[in-house]
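*Asks:*
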Amino acid sequence: MKYLQGYPVALVAQARTLMDSGELAPMLARKYPDPHEIRSDKALFDYTQALKQRFMRNADPLARVCYDAKLKVIQHALGTHTRAYTVQGSRLKARREIRVATLFREAPAEFLKMIVVHELAHIKQPDHDKAFYQLCHHMAPDYAQLEFDLRLWLCCQDAAAGEASALKPAHPPADTAA
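Residues 0 to 177 in this note's numbering are what the sequence shown spells out, letter by letter.
1. For residue 64, tell me which candidate among 99, 18, 117 has the shortest Cα-Cα distance.
2. Could you say if the segment 27-45 and the segment 108-118 meet the contact criterion of at least three C-beta pairs nearer than 8 Å?
3. Leaving out the 5 sequence neighbours to the left and right, which residues in its chain are closer than 7 Å to residue 62 when beta-carbon positions are compared?
4. Would you say residue 84 and residue 77 are within 7 Å of each other, going by their C-beta atoms?
5. Is it buried or exposed for residue 140, if we count other Cβ within 10 angstroms and need 16 for buried?
6. Around the C-beta of residue 26, are 16 or more other C-beta atoms found within 10 angstroms, so that it is buried, or is it exposed?
7. Just to check my reading of the structure: residue 145 and residue 109 have Cβ atoms closer than 8 Å, yes? What is that Cβ distance to the nearest angstrom?
Below, the structure written as structure tokens:
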């Protein structure tokens, strides 16, 4: 339950009980049954631009939005926002990028929205402070619940990956054919 660090002990215990009984994943699947169709980087860029246009018209433009397969492994993050500064004449230009972990290609639509909203909020608010979370709630009124449920979903994904690796033999069987 590493994704639930910082939450109240009673809440984590309740989540662990649901996980151990095998009820957590089906509960989340019932709560978030709708997948999304945003599979390509272009579709993700368009989706992010639409949210940005709706809620953050005056924010700096985005140069790139893409899925990143290395993100979770290397940076232990689900999404990142970066600024690359370049000098053009006498002006300093910021090139902004958002990268989203590829596991969100298969996540429920609400979880993709939550991570995109989170990364968009970092355009205006670099720190996870009160203003940051107010902006997240402006773009997704149920942001706090989505973030918690996403953390539960990630716990289920880790458990499923752990079970799958436990079923695989540590070493492939030796070839006995001569």
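Even glycine gets a Cβ: it sits at the ideal position worked out from N, Cα and C.
Note that this is a predicted model, so its numbers are computed, not measured.
*Replies:* According to the structure data:
1. Indexing the sequence shown from 1 puts residue 64 at position 65. Closest option to residue 64, Cα to Cα, is 99.
2. yes
3. Here residue 62 refers to the residue found at position 63 of the sequence shown. Same-chain partners within the cutoff: 94, 95, 96.
4. The residue given as residue 84 occupies position 85 in the sequence shown. The residue given as residue 77 occupies position 78 in the sequence shown. The Cβ-Cβ distance between residue 84 and residue 77 does not fall below 7 Å.
5. Here residue 140 is taken as the residue at index 141 of the sequence shown, counted from 1. In this structure residue 140 is exposed. Its beta-carbon is surrounded by fewer than 16 other beta-carbon atoms within 10 angstroms.
6. For this step, residue 26 is matched to residue 27 along the sequence shown. It is exposed - the Cβ of residue 26 has fewer than 16 other Cβ atoms within 10 Å.
7. Residue mapping note: residue 145 aligns to position 146 of the sequence shown, counting from 1. Residue mapping note: residue 109 aligns to position 110 of the sequence shown, counting from 1. Their Cβ separation, rounded to whole angstroms, is 6 Å, which keeps residue 145 and residue 109 in contact under 8 Å.
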